[in-house]
Amino acid sequence: MKDASKNLSKSQGLRQRAEKQLRKKPSDDSELQTENFSAILQELRIHQVELELQNEELRRTQKELEDSRDQYFDLYDQAPVGYLSTDARGIILQANLTIANMLALPRGNLVGRSLYLFVARDHHKALLDLLKPRTGGSGKQTLAIEMIRQDSSLFHAQVESAPQLVNDDLSLQFRMAVVDVTERKRTENQLSKSKERYRRLIETMPDAIFTLLPDGAIASLNPAFEKTTGFIRDDWLGRNFWDLLHPDDLDVAKKAIHNALAGKGGIAEETRILSSTGDYLIFYFIVEPEFDFGKVAGVWAVGRDITKRKKYERALRNSRDTLEAEVHKRTLELSQANQDLREGLEKRKQATEELREQKIELEFKTVELEEANTALRVLMRRGEEDREELENAITQQTHRLLVPRLQGLLESGLDQNQQRVVRLLISQLKQITSSFAQRLDSPKFGLTPREIQVAMMIREGLASKEIAEVLNVSGDTVATYRHNIRRKIGILGRKVSLSSRLSEL
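Next up, the structure:
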């Protein structure tokens, strides 16, 4: 309905313009004769058909233009890239739906507002530089900034801007394309972290890692190369890898590397590598191709120093050989021992038979011995009674004869040392006949006669020096006696007085 009224007003405007031109330039009607009316009418009809055809063509062209315009606006609004136009102050003049969705705002709320409101404050200066007029060149610029959504969340954006003069008033405007690159930034950050982890992994690996160019030149080395070989990495960068290898191992290593250059992985076992000392280390290499855009650009070689392992393996083999020889020797010895054991068993059987016969004989002898033991016990009991009678007689003689004479000797004018010795003799004679001496002589303690003598002196209160003078021995000997007495009566290592303990006995 709106298009029809628009077309009507347009046709009325055209008629008014035509009437105005006719008034300025009147037409020549001299040819309008009666006889010419049929030809003129026919010409007018033809002209009318031509105009109708032209009008139809114009309407079709107009429809195509309208469709193209609609497609353009659909493409503009639904584009995956945000489009907007601003003036030199940053006021938004136009915006598509994509940029509105990026900012989480209705498109109507964008037009007329400053672009600075949707840009993080740290990037205002960069945006200000972007909106300055440029001289020379196309003036196109690319800017990476952070933009702000309606909920105050930030996202990374890449802005491409181009200045443009508006025809009607020659004012400067900026056409901008905005792309949300948050995911790309996140991917770049993850890639950067992955590169850093990869670099740290390579730098900290205990295995030596080589990257080789197709001609065998060393492109890179990790720190483990220095640690294992003792060489400085920078001294070997650019040099040929073959210079590191033992001449006898070149063929094996070259074969593995050529396979890698052909796109296949390989292993070079027990490859000898030169060290800074001039010796060769044994390495186990894993070789893999390095690809660049789908093509082999070089070789990765990861080498593990197995010199110590090989040394241990050789030692293990030697130990195993020694063990096998020892097992063989022991096997022979065990075979001989088994043979000896079998022979011993035969002898034992014979001995068993002999023992059985001896047992019978011993049983008869046992009966005889039991009868002899009975008679012996009677004799021992009589001997014990005789011993007790003898001890009593000795005790009586000691107290009746020896002790009084020794006491009389004390009164015969002896000096002090002699008197001490005599008193000691009297004390020991009494103790010998006492139950204390008998207890010390018990097998329970196991004291020697000299240790019993020293114990009696200690019980009488004599010091070690005095005991040494009486016995005519050194102080160390008396200390040894004291140590043995403490041990035998069970107080060694305890804080118990030896004299007190002997008195308790």
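Position one of the sequence shown corresponds to residue 16 (my numbering), numbered consecutively onward. We put the CB at the ideal spot given by N, CA and C, even for glycine.
Taking only the alpha-carbon atoms, compute the straight-line gap between residue i and residue j and give it to the nearest angstrom.
i                 : j             : result
alanine 115       : threonine 202 : 24 Å
histidine 261     : alanine 277   : 24 Å
glycine 105       : valine 317    : 57 Å
arginine 396      : leucine 356   : 51 Å
proline 148       : lysine 200    : 29 Å
valine 302        : valine 196    : 39 Å
asparagine 353    : glutamate 361 : 12 Å
glycine 152       : alanine 271   : Model confidence at glycine 152 stands at a pLDDT of 46, short of 50, so the residue's coordinates are unreliable; what they give is reported in the following sentence. In a straight line, the C-alpha of glycine 152 is about 56 Å away from that of alanine 271.
methionine 162    : arginine 122  : 16 Å
glutamate 378     : glutamate 368 : 16 Å
phenylalanine 306 : valine 314    : 9 Å
histidine 139     : tyrosine 131  : 7 Å
glycine 490       : alanine 478   : 10 Å
lysine 374        : alanine 387   : 19 Å
serine 515        : glutamate 484 : 23 Å
isoleucine 521    : glutamate 519 : With the chain covering only 16 through 520, there is no way to say anything about residue 521.
arginine 136      : glutamine 205 : 26 Å
glutamate 58      : glutamine 77  : 28 Å
phenylalanine 298 : glutamate 339 : 30 Å
arginine 345      : alanine 366   : 29 Å
phenylalanine 256 : glutamate 211 : 27 Å
phenylalanine 460 : arginine 501  : 10 Å
Kindly indicate which three-state DSSP category residue i falls into: helix, strand or coil?
i                 : result
methionine 5      : Given a span of 16 to 520 for the chain in the structure shown, any question on residue 5 remains unanswerable.
asparagine 487    : coil
aspartate 144     : helix
aspartate 250     : helix
histidine 498     : helix
alanine 277       : coil
lysine 326        : helix
histidine 343     : helix
phenylalanine 306 : strand
glutamine 165     : coil
isoleucine 504    : coil
methionine 525    : Residue 525 lies beyond the stretch modelled for the chain, which goes from 16 to 520, so this question has no answer here.
asparagine 111    : coil
glycine 152       : Residue placement at glycine 152 is flagged as unreliable, the pLDDT there being 46, under the threshold of 50; the coordinate-derived value follows with that caveat. Glycine 152 falls in the coil class under three-state DSSP.
isoleucine 106    : strand
phenylalanine 170 : strand
alanine 283       : strand
serine 290        : coil
proline 178       : strand
Taking residue i as the reference, give the member of the options with the closest Cα.
i              : options                           : result
isoleucine 282 : Phe300, Tyr295 and Thr292         : Phe300
arginine 509   : Leu391, His498 and Gln351         : His498
serine 12      : Gly154, Leu99 and Met117          : Outside the displayed range of the chain (16 to 520) lies residue 12, so it cannot be described from this structure.
valine 194     : Arg214, Ala172 and Leu394         : Ala172
arginine 438   : Met471, Phe460 and Pro464         : Met471
glutamine 156  : Arg190, Asp249 and Thr243         : Arg190
glutamate 285  : Leu145, Leu228 and Lys325         : Lys325
leucine 120    : Glu339, Asp336, Phe460 and Ser168 : Ser168
aspartate 92   : Asn111, Pro304 and Arg75          : Asn111
valine 126     : Arg136, Leu146, Asp102 and Asp144 : Asp102
alanine 239    : Ser290, Ser207 and Phe133         : Ser290
leucine 158    : Gln179, Val134 and Arg164         : Val134
aspartate 250  : Gln63, Ile233 and Lys310          : Ile233
Please check the pair residue i and residue j, which I expect to be a contact at CB under 8 Å, by giving their CB distance rounded to whole angstroms.
i             : j             : result
threonine 292 : glycine 245   : 7 Å
leucine 108   : glutamine 188 : 7 Å
Let's test the definition: count the other Cβ atoms within 10 Å of the Cβ of residue i and tell me whether it reaches 16, buried, or not, exposed.
i                 : result
aspartate 166     : exposed
valine 382        : exposed
valine 181        : exposed
glycine 97        : buried
glutamine 351     : exposed
serine 176        : buried
phenylalanine 308 : exposed
glutamine 468     : buried
leucine 507       : exposed
Against chain D, does residue i count as a neighbour if the rule is that its beta carbon must be under 8 Å from one of theirs?
i           : result
leucine 356 : Considering every chain present, this structure includes no chain D. It has just one protein chain.
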